[in-house]
Structure formats: structure tokens, C-alpha cells
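A.B. asks: Below is a structure I'd like to ask you about.
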Amino acid sequence: MKKFKILLFVLMFNHLGVAFSETLANETYPISPYNSNDKIKNRNPLIIAHRGGTADGPENTIPTIESSMQRGAHIIWITVQLSKDGIPVLYRPSDLSALTNLTKSTKVSAMTAKELASLDASYSFFKGKTSNIGNLYKIPTLKDVLVKFPHTEFFIDLKSPDAEAKEYIRNVADVIEQTDSIDRTRIYSTSETYINAAKSHSSLNVFKSRAETRDVLFGSKLSNQCKATSGQSGWHAFELTRNVEVVEHFMLGEGRTKATFRWSKDDLSCFDNANNNIVLIGVNSLEDYQYAKSLGVYAIMVDSPKAAQCYESSTQKLDICEGS
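The sequence shown maps to residues -21 to -1, 1 to 303 in mature numbering (1 follows the signal peptide of the UniProt record, and there is no 0).
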């Protein structure tokens, strides 16, 4: 324990050259019952359906999104890439054969939106055992989804591995503007290039980059000083628990230490001082839900809105919660 405290003390000083790296694993129509500035600590966090509800149905498809909304999800998180003809479509992996009935490795950018719509996006989820009747589980376009659900709030995760940033953002922004969805959408990406490009569009609402979030988080953790300022207020999305690697740079080399990060109330207090909204990713158990609620975060991202229905004591007597 003493060694650990000494390490944290040493890491406080920026001039030592400390870096952090993550250990990566592979409002016009708000449905939210709370105002985004609501900081009441004991309210329930809003539920965000990750990839539309990836544990409950084929991810990023219209039927799964619809099901998640029926199960009480307040916000839908979707993943968007560009097709060959530059149309924003919903799909997450870089390889179409990962989730669809394609057997050959194929990028999303290699097929047009019309061609993509002919694929079975439910193939992997159902393990090829069911037929895609009526092509319900197709790969939809972003426009399809925003038009289908005109009063739903969406967080849009930009995942195209090979898209040119300006074109990517422009095409996504065009759809958002054409469908009058500016006030009910927000852009997110792990790519700082895409985030910066999105910020150049005044009509887009954009999450803070992960680098900005990390800077505040680890500054708070290591130096016990809050680096969040009122000028940096905004939306932050980060994992509730995250494996990280602390890298110290020395004249004769570097030192690496692996650690596990978990949000604390002090971390939240730092962000609250600058009027930020915090979204915690990867909250997929009752224990994690209760912990996130105790922190007072704005929203949590879950893989299963079906399971999330059972997280509150008032709903744990539902038939679906028995035995869970």
C-alpha cells in the first residue's frame, strides 16, 4: 500500500512526463423525464440502450430499438458507418461477415446502402437458425431510424474505420438536419479526429473527446486537484470501470504500471463543478447500477434494457425479474 501511495504521489507532477493509455477491449423531442441540468443525486439514472440493446436482440436494428423503447430505455445509442455511396448506416464491426450472413470478409464501405439493406443483420445473433422474415433485421440507414422514431433521443457513435473525417461528418450532419433531429441527437466517437470534425459543425451536439475526459479524471485521481472548469462544461461518456496503463517517461527509459480505474464521488463532484453531464458505459449488473445511482450520474449505458427493468426495487417483482 505504501508503494502504491508513493507511485501516485510521484505521478502527480506533470513535468515527470506521465502518460495514460487505455487497455482497449476488442433536445426538441426529449423522452428523458429529467432536464439535462438536473443534478438531483438520488434520482434514477437514465437508461441508454447500447447499440439499440445488443444483449436483447440483433444490434443496431429497428426491431431491437423498438423493443428497447418498450422496455423503458430513455435514450438509444447507435453505431454509424458510411456505405460505399456515402450514406450513413447502422453497423458496428469493421467486417460485415462478423454479424451478417456474408461469409466473405467485407467492409461496410465496400457496399452501397441498398446492398447493405439486403443483408441479414440478425444472422449472428440468432446463429443462423431463424430466417429474416420480411427483411425486418436489415442494416438500416441513419435516416430510416431517425424518421421511424421522430421523438426519440439518439447518441450516435461514429465507427467507420476508413472514412474521411470531413465527408463522414458532413453526411451524418446532413441527415440530422434534413430530419430535423438536431436537438435530439449527440455525436460520440473514440476517434479524436471525428470528434474535432464534428465540433466544426455548429448544428451538431458533440460529446467531449475521451482525451478531454481522461485529462480531468486522472488529474483528479492523481493530483487530488479538479481540472474541470466552467469553460469545459459538456457531455462526457466513459466506462464505469476501466483497465488502464500508467506510463512514466524517464531519461533512461520508461516505467509501466497496470491499474483498474473506477469512478468515485470525488470524480463526479469535480465534473459537477463545471456543470457536466456524465454517461457511464458498461453498467450491466444490479450492483453496478446501484453504485452508479449512488454517484448521481445523469445516465448509464446498458447492453440489456430488458435486464435493466429489474434494477429498481419497484420493478423487481415483474415476471421477467423472477429468478434473476
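A virtual CB, placed ideally from N, CA and C, is assigned to each residue, including glycine.
Could you name the residues of the same chain whose beta carbon sits closer than 8 Å to that of Ile161, not counting the 5 residues immediately before and after it, in chain order?
C.D. replies: As a first step, residue 161 is located in the sequence shown; it is residue number 182 there, counting from the start. The residues are Thr7, Ile155, Ser182, Leu183, Asn184.
A.B. asks: Using only CA atoms, which one of Ala190, Glu171, Thr131, Thr79 lies nearest to Glu45?
C.D. replies: On the sequence shown, position 66 is the one that residue 45 refers to. Out of Ala190, Glu171, Thr131, Thr79, Thr131 has the C-alpha closest to the C-alpha of Glu45.
A.B. asks: What are the complete beta strand (DSSP E) segments, minimum 3 residues, inside the region 114 to 158?
C.D. replies: Here the runs fully enclosed are 132 to 137.
A.B. asks: Hey, could you find the ends of the beta strand (DSSP E) Ile26 is sitting in?
C.D. replies: Within the sequence shown, residue 26 is the residue found at index 47, counting from 1. Start and end: 25 to 28.
A.B. asks: Only counting runs of 4 or more residues, tell me where the alpha helix (DSSP H) segments fall wholly within the region 157 to 197, in order along the chain.
C.D. replies: Runs found: 171 to 178.
A.B. asks: Can you find the residues in the same chain that come closer than 7 Å, C-beta to C-beta, to Ala4, ignoring five residues on each side of it along the sequence?
C.D. replies: The residue labelled residue 4 in the question sits at position 25 within the sequence shown. Summary for Ala4: the model assigns pLDDT 38, below 50, so the residue's position carries little reliability; its value from the coordinates is reported in the next sentence. Here the set comprises nothing.
A.B. asks: Roughly how many whole angstroms lie between the Cα atoms of Asp123 and Lys178?
C.D. replies: The sequence position of residue 123 within the sequence shown is 144, counting from 1. The sequence position of residue 178 within the sequence shown is 199, counting from 1. Spanning the two alpha carbons is a distance of roughly 24 Å.
A.B. asks: Can we say the region 25 to 37 touches the region 271 to 283, given the rule of at least three CB pairs closer than 8 Å?
C.D. replies: The answer is yes - the region 271 to 283 touches the region 25 to 37, with three or more Cβ pairs under 8 Å.
A.B. asks: So what's Ile10 in DSSP terms, helix, strand or just coil?
C.D. replies: The residue labelled residue 10 in the question sits at position 31 within the sequence shown. The predicted model places Ile10 with a pLDDT of 46, which falls under 50 and marks its position as unreliable, so this point remains unresolved.
A.B. asks: For Asp267, which residues from the same chain have a beta carbon less than 7 Å from its beta carbon, with the 5 sequence-adjacent residues on both sides left out?
C.D. replies: For the purposes of this step, residue 267 is identified with residue 288 of the sequence shown, where counting begins at 1. Taken in chain order, the residues that qualify are Leu219.
A.B. asks: Hey, could you find the ends of the alpha helix (DSSP H) Met48 is sitting in?
C.D. replies: Here residue 48 refers to the residue found at position 69 when the sequence shown is read from its first residue. Looking at the DSSP string, the run of the alpha helix (DSSP H) that includes Met48 is 41 to 49.
A.B. asks: Short check: CB of Glu171 to CB of Gly65, under 8 Å?
C.D. replies: On the sequence shown, residue 171 is found 192 positions in, with the first residue counted as 1. On the sequence shown, residue 65 is found 86 positions in, with the first residue counted as 1. No, these two residues do not count as a Cβ contact at 8 Å.
A.B. asks: Could you tell me which residues DSSP pairs with Glu94 in its beta bridges?
C.D. replies: As a working note, residue 94 is residue 115 in the sequence shown. Answer by DSSP bridge pairing: none, since Glu94 is not bridged.
A.B. asks: With DSSP run on the structure shown, which of helix, strand or coil describes Ser(-1)?
C.D. replies: For this step, residue -1 is matched to residue 21 along the sequence shown. Because the pLDDT at Ser(-1) is just 46, under 50, the model does not fix this residue reliably, and the value given afterwards should be weighed accordingly. Three-state DSSP puts Ser(-1) in a strand.
A.B. asks: Could you give the uninterrupted runs of the beta strand (DSSP E) lying entirely in the region 53 to 110, keeping only those of 3 residues or more?
C.D. replies: Whole beta strand (DSSP E) segments, 3+ residues: 54 to 61, 67 to 69.
A.B. asks: Apart from the five residues just before and just after Thr126, which ones in its own chain have a Cβ nearer than 7 Å to its Cβ?
C.D. replies: Within the sequence shown, residue 126 is the residue found at index 147, counting from 1. Note that residue 126 is Val in the sequence shown, not Thr. Here the set comprises Thr158.
A.B. asks: Between the Cα of Ser31 and the Cα atoms of Phe128, Ser97, Glu224, Ser84, which residue gives the shortest distance?
C.D. replies: Indexing the sequence shown from 1 puts residue 31 at position 52. It should be pointed out that residue 31 corresponds to Gly in this sequence rather than to Ser. Out of Phe128, Ser97, Glu224, Ser84, Phe128 has the C-alpha closest to the C-alpha of Gly31.
A.B. asks: Since Ala238 is in the beta strand (DSSP E), which residue starts that stretch and which ends it?
C.D. replies: For the purposes of this step, residue 238 is taken as the residue at position 259 of the sequence shown. Where Ala238 is concerned, the enclosing beta strand (DSSP E) stretches over 232 to 241.
A.B. asks: So is His53 buried or exposed if we call it buried at 16+ other beta carbons inside 10 Å?
C.D. replies: Your numbering for residue 53 matches position 74 in the sequence shown. The residue in question, His53, is buried, as its Cβ has 16 or more Cβ neighbours within 10 Å.
A.B. asks: What is the DSSP secondary structure of Glu266, counted as helix, strand or coil?
C.D. replies: Taking the sequence shown and counting its residues from 1, the one referred to as residue 266 is at position 287. Correct three-state label for Glu266: helix.
A.B. asks: Quick check on this structure: which residue in Lys285, Asn254, Ser248, Ile257 has the alpha carbon closest to the alpha carbon of Asn263?
C.D. replies: To locate residue 263, count along the sequence shown from 1; it is residue 284. Nearest C-alpha to Asn263: Lys285.
A.B. asks: Roughly how many angstroms separate the alpha carbons of Ala77 and Thr43, rounded to a whole number?
C.D. replies: For the purposes of this step, residue 77 is taken as residue 98 along the sequence shown, with counting starting at 1. For the purposes of this step, residue 43 is taken as residue 64 along the sequence shown, with counting starting at 1. About 18 Å.
A.B. asks: For His29, I'd like the list of residues in its chain whose CB is within less than 7 Å of its CB, leaving aside the five on either flank, ordered along the chain.
C.D. replies: Looking up residue 29 in the sequence shown gives position 50. Excluding sequence neighbours, His29 sits near Trp56, Met280, Val281, Asp282.
A.B. asks: Taking the alpha-carbon of Thr192 as reference, which of Asp251, Thr236, Ala152 has the nearest alpha-carbon?
C.D. replies: As a working mapping, residue 192 is identified with position 213 in the sequence shown. Of Asp251, Thr236, Ala152, the residue nearest in Cα terms is Asp251.
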